[in-house]
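First residue of the sequence shown: 1, per full-length UniProt numbering; consecutive thereafter. Using N, Cα and C, we set each Cβ at its ideal position, and we do this for glycine too. Notes for the one structure printed next.
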Amino acid sequence: MIKAEDKITIKSWAPEDRPREKMLLYGRRHLSDAELLAILIGTGNRNENAVSLSQRILSACGNDLDRLCQLSVKDLTAFSGVGRVKALHVIAALEIGRRRTGIIPAGPQKIDSSHDAYRHLHPIFTDLDHEEFWILLLNQANYVKSKHMISKGGRAGTVADPKIIFKTAIDNQGTFIILAHNHPSGNLRPSKEDLFITRKLADAGKLLDLLVLDHLILVNGNYYSLADEGCF
Numbered sequence: 001m002i003k004a005e006d007k008i009t010i011k012s013w014a015p016e017d018r019p020r021e022k023m024l025l026y027g028r029r030h031l032s033d034a035e036l037l038a039i040l041i042g043t044g045n046r047n048e049n050a051v052s053l054s055q056r057i058l059s060a061c062g063n064d065l066d067r068l069c070q071l072s073v074k075d076l077t078a079f080s081g082v083g084r085v086k087a088l089h090v091i092a093a094l095e096i097g098r099r100r101t102g103i104i105p106a107g108p109q110k111i112d113s114s115h116d117a118y119r120h121l122h123p124i125f126t127d128l129d130h131e132e133f134w135i136l137l138l139n140q141a142n143y144v145k146s147k148h149m150i151s152k153g154g155r156a157g158t159v160a161d162p163k164i165i166f167k168t169a170i171d172n173q174g175t176f177i178i179l180a181h182n183h184p185s186g187n188l189r190p191s192k193e194d195l196f197i198t199r200k201l202a203d204a205g206k207l208l209d210l211l212v213l214d215h216l217i218l219v220n221g222n223y224y225s226l227a228d229e230g231c232f
């Protein structure tokens with residue numbers, strides 16, 4: 001183990017190598033992921049500086065920023081040198097970045113394809129460790145009217161109650177419905193239950209003149225369109 005008196009601190013580095021000074025000199029794009037994380041963490045622990053600690057955290061996530069975004073306060077504070085305040089700083093910064101990527105352009109949004117629907121919906125499901133079921137409501141010209149969470153469950157699934165779905169669509173004067181839920185397991189393929197509920201809702205929608213246009217399954221920055229695949 002490194003002795004405290006032998007520890008190499010960031011202050012002893014050349015100014016152009018210190019994360020904060022490096023950002024000021026060269027700009028944010030010249031910093032590594034570990035250096036950016038080190039700026040958020042601020043300090044390390046008795047045995048390692050902030051950059052080394054950040055490298056260890058990233059290594060534990062397989063150097064995958066998506067996995068880093070999924071860490072909780074409890075997960076982060078398991079690393080020596082990361083207290084609750086530091087963990088909250090990291091989580092807050094990552095959430096700001098997530099929200100920025102999910103900003104929808106101003107003005108009416110028309111949905112002409114499954115990809116259009118995915119772009120509109122994916123910010124909702126990014127980094128979730130549980131399953132949620134949402135609907136996107138469109139008007140007669142396929143412009144988005146609103147979106148609504150129908151249910152929230154665990155990692156194994158959630159309930160899509162047809163009564164709640166169609167009541168929500170009627171109350172909000174929707175003409176078309178796009179269904180969406182995520183698979184925290186990472187499996188992009190629809191389950192038998194997914195196929196069953198989609199066909200059930202599509203058939204019920206025809207009777208109510210509230211057509212179900214698609215059902216998207218979202219997983220890790222990707223999606224599966226049941227309509228595109230001819231599943232209903």
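Original post:
Helix, strand or coil for R151 per DSSP?
Top reply: Residue 151 sits at position 151 when you count from the first residue of the sequence shown. Position check: residue 151 holds Ser in this sequence, whereas Arg was assumed. Of the three classes helix, strand and coil, the one that applies to S151 here is strand, per DSSP.
Subject >> Segment limits, alpha helix (DSSP H) that includes L37 >> reply: Within the sequence shown, the letter at position 37 stands for residue 37. 33-41 is the span of the alpha helix (DSSP H), which, as asked, contains L37.
**OP:** Check D214 in the structure and name its three-state DSSP category.
**Re:** Here residue 214 refers to the residue found at position 214 of the sequence shown. Looking at D214 - three-state DSSP - the assignment turns out to be strand.
**OP:** Can you tell me which of L195, L76, V82, N182 puts its alpha carbon nearest to the alpha carbon of T43?
**Re:** What you label residue 43 is simply residue 43 of the sequence shown in a count that begins at 1. Comparing Cα-Cα distances from T43 to each of L195, L76, V82, N182, the minimum goes to V82.
Original post:
Closest by CA to D127, which one among K145, A92, R155, D66?
Top reply: By one-based count along the sequence shown, residue 127 stands at place 127. Among K145, A92, R155, D66, the Cα nearest to that of D127 belongs to D66.
Original post:
How many whole angstroms separate the CB atoms of A117 and L211, which I take to be in contact at a CB cut-off of 8 Å?
Top reply: The sequence position of residue 117 within the sequence shown is 117, counting from 1. The sequence position of residue 211 within the sequence shown is 211, counting from 1. At roughly 14 Å, the Cβ-Cβ gap does not stay under 8 Å, so A117 and L211 are not in contact.
Subject >> Same chain, Cβ closer than 7 Å to H89, five either side skipped, listed in chain order >> reply: As a first step, residue 89 is located in the sequence shown; it is residue number 89 there, counting from the start. Hits under 7 Å: L40.
**OP:** Check whether the segment 129-146 touches the segment 174-187, counting contact only when three or more Cβ pairs, one atom from each stretch, lie closer than 8 Å.
**Re:** yes
**OP:** Could you have a look at E131 and say whether DSSP puts it in helix, strand or coil?
**Re:** Numbered from 1 along the sequence shown, position 131 holds the residue referred to as residue 131. If DSSP states are grouped into helix, strand and coil, E131 belongs with coil.
**OP:** Just mark L25 as buried or exposed, buried being the case when its beta carbon has 16 or more other beta carbons within 10 Å.
**Re:** For the purposes of this step, residue 25 is identified with residue 25 of the sequence shown, where counting begins at 1. So L25 ends up on the exposed side.
**OP:** Starting from H115, trace the alpha helix (DSSP H) both ways and give me its first and last residue.
**Re:** By 1-based counting over the sequence shown, the position of residue 115 is 115. 114-125 is the span of the alpha helix (DSSP H), which, as asked, contains H115.
Subject >> Host beta strand (DSSP E) of L179 (start-end) >> reply: One-based indexing of the sequence shown puts residue 179 at position 179. Looking at the DSSP string, the run of the beta strand (DSSP E) that includes L179 is 176-182.
Original post:
Per DSSP, D222 is paired with what?
Top reply: As a working note, residue 222 is residue 222 in the sequence shown. The sequence shown places Asn at residue 222, not Asp. For N222, the pairing in a beta bridge is given by DSSP as V219.
Subject >> C-alpha distance - K11 paired with V51, whole-angstrom precision >> reply: Numbered from its first residue, the sequence shown carries residue 11 at position 11. Numbered from its first residue, the sequence shown carries residue 51 at position 51. Cα to Cα, K11 sits roughly 12 Å from V51.
Original post:
Could you give the distance in angstroms between the alpha-carbon of L208 and the alpha-carbon of S113?
Top reply: Here residue 208 refers to the residue found at position 208 when the sequence shown is read from its first residue. Here residue 113 refers to the residue found at position 113 when the sequence shown is read from its first residue. Answer to the nearest angstrom: the Cα atoms are 23 Å apart.
Subject >> Cβ contact check for the segment 85-99 and the segment 139-157: 3 or more pairs under 8 Å >> reply: no
Subject >> Same chain only: Cβ atoms within 6 Å of S151, ignoring 5 sequence neighbours per side >> reply: Residue numbering aside, residue 151 sits at position 151 when the sequence shown is read from its first letter. Excluding residues within five positions, the ones whose Cβ falls inside 6 Å are F133, T158, V159.
**OP:** Please report the Cβ distance between F125 and L201, rounded to the nearest whole angstrom; I am assuming they are in contact, meaning their Cβ atoms lie under 8 Å.
**Re:** Here residue 125 refers to the residue found at position 125 of the sequence shown. Here residue 201 refers to the residue found at position 201 of the sequence shown. At roughly 19 Å, the Cβ-Cβ gap does not stay under 8 Å, so F125 and L201 are not in contact.
**OP:** At 4 residues or longer, and completely inside the segment 50-76: list those alpha helix (DSSP H) runs for me, N to C.
**Re:** 50-60, 65-69
Original post:
Which term fits D194, buried or exposed, when burial requires 16 or more other beta carbons within 10 angstroms of its beta carbon?
Top reply: As a working note, residue 194 is residue 194 in the sequence shown. D194 comes out buried.
Subject >> Selected residue, minimal CA-CA separation from D33, among C69, R46, E48 >> reply: Stepping through the sequence shown from its first residue, residue 33 is reached at position 33. Sorting C69, R46, E48 by C-alpha distance to the C-alpha of D33 places C69 at the top.
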